[in-house]
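Please read the structure below before turning to the comments.
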Amino acid sequence: MRKALALAERGRGTTSPNPMVGAIVVDTEGVVVGRGAHRVAGGPHAEVVALDDAGSRARGATLYCTLEPCAHTGRTGPCAPLVAHAGIRRAVIAMDDPNPLVNGRGLAYLRERGIDVAVGVERDAAVRQNAAFLTGILERRPYVILKVALSVDGYVAAATGAETRLTGAPANRRVHRQRAEVDAIAVGAGTVLTDDPQLTARGAYRFRQLVRVIFDRRLRTPPSARVLSTASAGPVIIVCSDRSRSEAPDKAAALGAAGARLLVPAENDLLSACRALWEEGVTSMVLEGGPSLHRAALRADIVDEVHVYVTPHRLGSGGVRWLDPGQLAWDTLPERRATWLGEDVLVEAQLRSVRTHVHWHR
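Right, here's the structure in full:
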């Protein structure tokens, strides 16, 4: 199963909105005879690839798969009938699929045809791997990673409105690699006005276009913003209020003419905005700044992970603080880990676990 999970990683950044899935076929003598991974949304599923690889050697073999085989027709055909038809004797599944179109039907299909099915092997690892997919299915919003660069004395900028570069080259490479894997990156209007970022993935191959999101309730983004000159990198969505759009029609029209698309959520809050973005196909999103957006996101309880780049720079007491006092208690966060990236340290922490099934199909 661990090998199947490693195979599934080949689809990171390319399978959205589908999950990453890996599959391995092992014959009666314990020899791996088939390997497969789901590589791209709309392409063959991992089970199909592994069974094709195994051929006739799949008969009587065991299938290890990181997610329940589907039993419905989507962009591709159902996998569970193919597993049964191939003559698989036993199926070991890491986790069942909470997608309402699946939700135990694949497991039931296999069992009804006499296949021995075991569920739960390396389940926690499979849940972590597909956190974005599961969050979307269960909460109808993107999986949100909050990212910030801090000086060693705890500031994000030297002064209000001052563009301040803190991280070194190794950390920057890691940031752009992450941008190549997620569906979207997001900033607040203040970051656009202060830093005028392009919000592109540079130095890392990206399979699909990157969605750039600007949370701008009052429509302060200028049509001349650099992000609007990078249309080839992906769409730019400005999340605003219906009031600001109706009260400033000329500004809204100018932003539209510059290439932005205005998105008005059902309610004027971040959770509604995230759900509207999920409906647009965004399953994972990095909140890159600034402090006002980060504070609001934490208050709205939409943050799943926090990535903090701690740099050796000191900015002094005149710097801009990141969060409100006591807003994030590091000592209470589970699954913390730290990685050196040149002179910077990346600290990653899980804020909340993916809310998976209450009842599992055993």
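Heads up: the sequence shown begins at 55 in the numbering used here, then just goes up one per residue. All C-beta atoms in this analysis are idealised placements derived from N, C-alpha and C, irrespective of residue type, glycine included. Since this is a predicted model, take the numbers as computed values, not measurements.
Using the Cα positions of residue i and residue j, report the straight-line distance between them to the nearest angstrom.
| i | j | result |
| --- | --- | --- |
| R299 | S338 | 26 angstroms |
| A138 | H126 | 14 angstroms |
| L247 | A392 | 32 angstroms |
| Q404 | T218 | 27 angstroms |
| D304 | L317 | 16 angstroms |
| R349 | D385 | 19 angstroms |
| P319 | A213 | 32 angstroms |
| T365 | R227 | 15 angstroms |
| I78 | C133 | 14 angstroms |
| L347 | V206 | 21 angstroms |
| R231 | I147 | 30 angstroms |
| N153 | L188 | 8 angstroms |
| V229 | L400 | 10 angstroms |
| L325 | R195 | 8 angstroms |
| G396 | H367 | 13 angstroms |
| A312 | E63 | 37 angstroms |
| R295 | R272 | The amino acid at residue 295 is misidentified as Arg; the sequence shows Ser. Cα to Cα, S295 sits roughly 7 angstroms from R272. |
| R274 | A308 | 12 angstroms |
| N184 | L331 | 19 angstroms |
For the beta strand (DSSP E) that contains residue i, what are its first and last residues?
| i | result |
| --- | --- |
| E359 | E359 to V364 |
| Q30 | Because residue 30 is not part of the residues shown, which for the chain are 55 to 416, the question remains open. |
| V86 | V86 to A91 |
| V318 | From DSSP, V318 is part of no beta strand (DSSP E); its letter is neither H nor E. |
| A203 | Y197 to L204 |
Could you please give the first and the last residue of the uninterrupted alpha helix (DSSP H) stretch that includes residue i?
| i | result |
| --- | --- |
| C328 | L324 to E333 |
| E166 | R159 to E166 |
| D178 | R177 to Q183 |
| R297 | D296 to E301 |
| E101 | A100 to A108 |
| A148 | No alpha helix (DSSP H) holds A148; DSSP gives it neither H nor E. |
Apart from the five residues just before and just after residue i, which ones in its own chain have a Cβ nearer than 6 angstroms to its Cβ?
| i | result |
| --- | --- |
| Q263 | G288 |
| H415 | Because H415 carries a pLDDT of 42, less than 50, the predicted location of this residue cannot be relied on, and the following value inherits that uncertainty. Only D150, G158 and L161 meet the Cβ criterion. |
| E342 | K201, I239 and V241 |
Can residue i be considered in contact with the ligand COA, in the sense that its beta carbon sits closer than 6 angstroms to one or more heavy atoms?
| i | result |
| --- | --- |
| V175 | This structure simply doesn't include the ligand COA, nor any ligand for that matter. |
Run the CB neighbour count on residue i, radius 10 Å, all protein chains shown included, and call it buried at 16 or more, exposed below.
| i | result |
| --- | --- |
| D358 | buried |
| Y259 | exposed |
| G242 | buried |
| E101 | buried |
| T82 | exposed |
| E301 | exposed |
| G131 | exposed |
| G84 | exposed |
| L61 | buried |
| W376 | buried |
| S110 | exposed |
| H413 | With a pLDDT of only 42 at H413, under the threshold of 50, the placement of this residue in the model should not be trusted; the figure read from the coordinates follows. Its Cβ having fewer than 16 others within 10 Å, H413 is exposed. |
Could you tell me which of the options sits nearest to residue i, measuring between CA atoms?
| i | options | result |
| --- | --- | --- |
| F269 | E166, D323, H361 and T254 | D323 |
| E176 | G76, P277 and L352 | G76 |
| E166 | R274, P135, G174 and V173 | P135 |
| R143 | R129, A115, L164 and T120 | A115 |
| E389 | G208, V360 and G257 | V360 |
Leaving out the 5 sequence neighbours to the left and right, which residues in its chain are closer than 7 angstroms to residue i when beta-carbon positions are compared?
| i | result |
| --- | --- |
| V265 | D237, A238, G288, P289, I291 and V336 |
| R66 | M74 and E235 |
| D249 | E217 |
| Q252 | R280, V281 and T284 |
Which same chain residues, not among the five before or five after residue i, have their C-beta less than 8 angstroms away from its C-beta?
| i | result |
| --- | --- |
| R315 | P289, V290, I291 and I292 |
| G222 | T365, L395, G396, E397 and D398 |
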